[in-house]
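S.K.: First the structure, which I've put down as structure tokens, then a few questions once you've had a look.
Residue numbers (this note's numbering), protein chains in the order written: chain A, 298 to 776; chain B, 17 to 155.
See the structure below:
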């Protein structure tokens with residue numbers, strides 16, 4: 298190996314690992330895993346009255362009114378968990394080592410491990426070869442367009458914050474804002490009447506992540522490779538809710554719930570939070586053992602260990618996982634095929650929103666993975682590739698858009714049954730999350746042992762957090 | 017005097033002994049040179065066949081070679097320089113011999129960087145009709 302190349306490699310690795318080892322730094326008001334719960338469950342408040350009287354300020358805020366049993370908490374928690382799980386475990390490209398020539402004693406000359414340069418998001422059975430080293434990096438930018446089929450950016454995801462059960466009908470002052478109530482809950486939102494109001498929080502959200510992953514692979518023997526992938530991740534969240542007071546029960550008393558004290562027309566207000574965090578993601582230790590050979594291909598077993606080096610509270614990682622992969626590939630002709638099947642076992646962990654018991658990132662789910670694809674050797678220097686990559690996040694939880702019914706009373710004599718209104722809102726349910734991606738791309742060898750990779754990752758399913766078309770570029774060098 | 021003479025005669029005999037013993041060795045030299053030349057000739061044909069990236073030509077020297085795999089390997093090559101030296105005949109029979117040699121190959125691939133490897137190989141040669149061929153590699 299050329300000494301200048303080794304020095305350059307060491308400098309690049311030392312710089313990157315040094316940067317990556319520094320603590321994650323976040324910009325914004327709170328940790329990213331708390332951003333959404335804080336925005337929806339804490340921030341949406343009404344103004345504090347300037348004159349003495351009953352304050353409705355935090356009556357629609359489960360965090361502000363210390364109401365963890367509010368059903369809205371579970372809904373936001375589920376949405377947040379789904380986002381956190383997928384951001385922290387989004388697949389990074391594989392480091393297949395590009396190409397290697399090894400001396401084949403039986404053949405009496407050199408033989409390339411495979412005619413192709415390998416897949417982009419799957420693994421193939423070929424190994425580097427004894428004492429051969431390859432290193433490189435991948436960069437991928439991912440932005441997300443929808444969650445469970447609902448557009449993230451157009452404000453079509455609504456949350457409905459019902460009024461806290463703050464009060465009971467009593468003998469207080471009759472004039473507004475007291476309406477003759479006592480400030481002690483009575484176990485129902487039907488009395489006093491103003492507890493029947495609802496705030497619709499229409500969420501718009503922009504979520505992006507950028508991952509720069511450095512990797513190195515070393516052939517311990519002709520059959521055994523060990524490797525490491527060090528991702529440096531930047532996650533950015535930009536969320537806002539357009540809060541609209543839906544005066545189900547106070548339409549005749551519009552000054553009770555308003556975003557501007559004394560202004561009955563102030564029924565809407567936008568609340569926003571944004572933040573980003575950059576730091577080390579979860580470091581991957583990889584190994585691959587080629588157990589069987591056949592002409593141009595073989596069967597291998599991969600064992601990956603994912604270390605929880607990423608800051609979980611900022612959605613950079615935090616998952617401890619062990620993954621076993623069965624790999625089969627061929628590569629003798631111009632068309633090479635590969636198939637992977639894997640199971641990922643996750644250690645359970647999770648974080649909570651500071652000061653609450655609300656789970657902001659949940660237990661990372663176990664995962665069943667599969668991939669299959671082909672590489673076409675367009676020329677000795679160019680491989681065109683395509684993959685289907687599937688992931689089943691076991692018991693990750695799902696969200697269904699369902700009608701939710703709110704009951705309310707109007708001022709005056711009670712009616713039975715109470716008035717009802719229905720709104721469409723996410724409802725969490727248990728279940729597996731199936732994600733399928735397609736990739737197309739190319740690997741090109743411009744000179745020497747340098748390999749340049751460019752591919753596109755496209756989601757083929759609507760479940761969970763759906764990404765847009767994500768570009769991935771990379772450099773691979775075999776020494 | 018006779019004793020001194022006897023010593024001289026003894027010294028002469030001792031001095032002449034190597035010559036006497038050397039006579040049969042000198043008689044074997046052409047045979048060794050022939051085997052050595054045969055081995056060199058086979059290896060020369062083998063290296064030329066490899067360097068020409070012609071799998072069929074390699075098969076003529078080494079009939080047991082997997083031609084299809086070799087053709088696949090040659091497809092990835094732009095050129096292959098082959099040099100064989102340190103040829104030694106380890107043992108021989110009437111129609112076979114074991115040969116050790118050092119093989120240096122420099123590969124210029126169609127994709128990837130040039131690389132060189134040097135290996136010491138031990139191979140078995142066999143006389144097939146009038147032609148010597150490589151029967152196989154021991155290492």
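Backbone N, C-alpha and C define an ideal beta-carbon position, used for all residues, glycine too.
Residues in its own chain within less than 6 angstroms of residue 87/B by CB, not counting five upstream and five downstream?
M.R.: For residue 87/B, where only same-chain residues beyond five positions count, the Cβ hits under 6 angstroms are 71.
S.K.: Is it buried or exposed for residue 637/A, if we count other Cβ within 10 angstroms and need 16 for buried?
M.R.: Buried, because 16 or more other Cβ atoms sit within 10 Å of the Cβ of residue 637/A.
S.K.: At 7 angstroms on the CB atoms, spell out the chain B contacts of residue 408/A, in chain order.
M.R.: Going along chain B in sequence order, the residues near residue 408/A (Cβ under 7 angstroms) are 89.
S.K.: Name the one or two DSSP bridge partners that residue 56/B has.
M.R.: Bridge partners of residue 56/B: none, in fact.
S.K.: So, are the CB atoms of residue 596/A and residue 388/A less than 8 angstroms apart?
M.R.: Not a contact, by the Cβ cut-off of 8 angstroms.
S.K.: If you check the beta carbons only, do residue 458/A and residue 376/A fall under 8 angstroms apart?
M.R.: Going by C-beta atoms, residue 458/A is not nearer than 8 angstroms to residue 376/A.
S.K.: Using three-state DSSP, classify residue 128/B as helix, strand or coil.
M.R.: The answer is coil: DSSP assigns residue 128/B none of H, G, I, E or B.
S.K.: Please state if the CB of residue 567/A and the CB of residue 555/A are separated by a distance shorter than 8 angstroms.
M.R.: In this structure, residue 567/A does not lie closer than 8 angstroms to residue 555/A by Cβ.
S.K.: Please return the same chain residues whose Cβ sits closer than 6 angstroms to the Cβ of residue 101/B, not counting the five positions on each side in sequence.
M.R.: The answer, listed in chain order, is 118.
S.K.: Determine the direct distance from the alpha carbon of residue 569/A to that of residue 562/A, and round the result to whole angstroms.
M.R.: For residue 562/A and residue 569/A, the distance between alpha carbons rounds to 21 angstroms.
S.K.: For the candidate residues 354/A, 762/A, 743/A and 722/A, whose alpha-carbon lies nearest to that of residue 129/B?
M.R.: It is 743/A whose Cα lies nearest to the Cα of residue 129/B.
S.K.: Apart from the five residues just before and just after residue 55/B, which ones in its own chain have a Cβ nearer than 7 angstroms to its Cβ?
M.R.: Hits under 7 angstroms: 103, 105, 113, 115 and 141.
S.K.: When burial is assigned at 16 or more other CB atoms within 10 Å of the CB, is residue 711/A buried or exposed?
M.R.: So residue 711/A counts as exposed.
S.K.: Pull up the DSSP beta-bridge partners for residue 756/A, would you.
M.R.: Answer is 734/A, bridged to residue 756/A.
S.K.: Just the chain B side, please: which residues come within less than 7 angstroms of residue 742/A by C-beta, in chain order?
M.R.: Within 7 angstroms Cβ-Cβ: 127 and 128.
S.K.: Let me know the beta strand (DSSP E) ranges lying completely inside the region 492-522 of chain A, each 3 residues or longer, listed in chain order.
M.R.: Listed in chain order, the complete beta strand (DSSP E) runs (minimum 3 residues) inside the region 492-522 of chain A are 495-516.
S.K.: What separation, rounded to the nearest whole angstrom, lies between the Cα atoms of residue 430/A and residue 580/A?
M.R.: Distance between the alpha carbons of residue 430/A and residue 580/A is about 19 angstroms.
S.K.: So, helix, strand or coil for residue 484/A, using DSSP?
M.R.: Coil, per DSSP.
S.K.: Is the beta carbon of residue 487/A sitting closer than 8 angstroms to the one on residue 493/A?
M.R.: Their beta carbons are under 8 angstroms apart, which means residue 487/A touches residue 493/A by this criterion.
S.K.: From residue 151/B to residue 143/B, what does the alpha carbon distance come to, in whole angstroms?
M.R.: So the two alpha carbons sit approximately 9 angstroms from each other.
S.K.: Using C-beta distances below 6 angstroms, list every residue in its chain close to residue 551/A, excluding the 5 sequence neighbours before and after it, in chain order.
M.R.: 561.
S.K.: Would you say the region 674-686 of chain A touches the region 415-433 of chain A, given that touching needs at least three Cβ pairs under 8 angstroms?
M.R.: Judged by Cβ distances under 8 angstroms, the region 674-686 of chain A makes contact with the region 415-433 of chain A, as three or more pairs qualify.
S.K.: If we ignore side chains and look at the alpha-carbon of each, how far apart do residue 8/B and residue 590/A end up?
M.R.: Here chain B covers residues 17 to 155 and nothing more, so residue 8/B does not appear.
S.K.: In angstroms, rounded to a whole number, what distance separates the CA positions of residue 69/B and residue 764/A?
M.R.: Their Cα atoms are separated by approximately 49 angstroms.
S.K.: Going by beta carbon distance, what residues of the same chain come within less than 6 angstroms of residue 63/B, once the five residues before and after it are set aside?
M.R.: Within the same chain, residue 63/B has close Cβ partners 98 and 100.
S.K.: At a CB-CB cut-off below 7 angstroms, which residues of chain B make contact with residue 637/A?
M.R.: Those do not exist, as residue 637/A stays about 24 angstroms from chain B at its closest Cβ, beyond 7 angstroms.
S.K.: Should residue 390/A go down as buried or exposed, given a rule of 16 or more other Cβ atoms within 10 Å for buried?
M.R.: Burial call: buried.
S.K.: Can you find at least 3 beta carbon pairs, one from the region 431-440 of chain A and one from the region 499-517 of chain A, that sit closer than 8 angstroms?
M.R.: Taking 8 angstroms as the limit for Cβ pairs, the verdict is that the region 499-517 of chain A does touch the region 431-440 of chain A.
S.K.: Look at the Cβ atom of residue 746/A, then the Cβ atom of residue 689/A, and state whether they are nearer than 8 angstroms.
M.R.: For residue 746/A and residue 689/A, no; Cβs fall outside 8 angstroms.
S.K.: Just checking my contact of residue 762/A with residue 725/A at CB under 8 angstroms: how many whole Å lie between their CB atoms?
M.R.: So it is not a contact: roughly 15 angstroms between Cβ atoms.
S.K.: Please determine, among 749/A, 767/A and 748/A, the residue with the shortest C-alpha to C-alpha distance to residue 755/A.
M.R.: With distances taken between Cα atoms, residue 755/A lies closest to 767/A.
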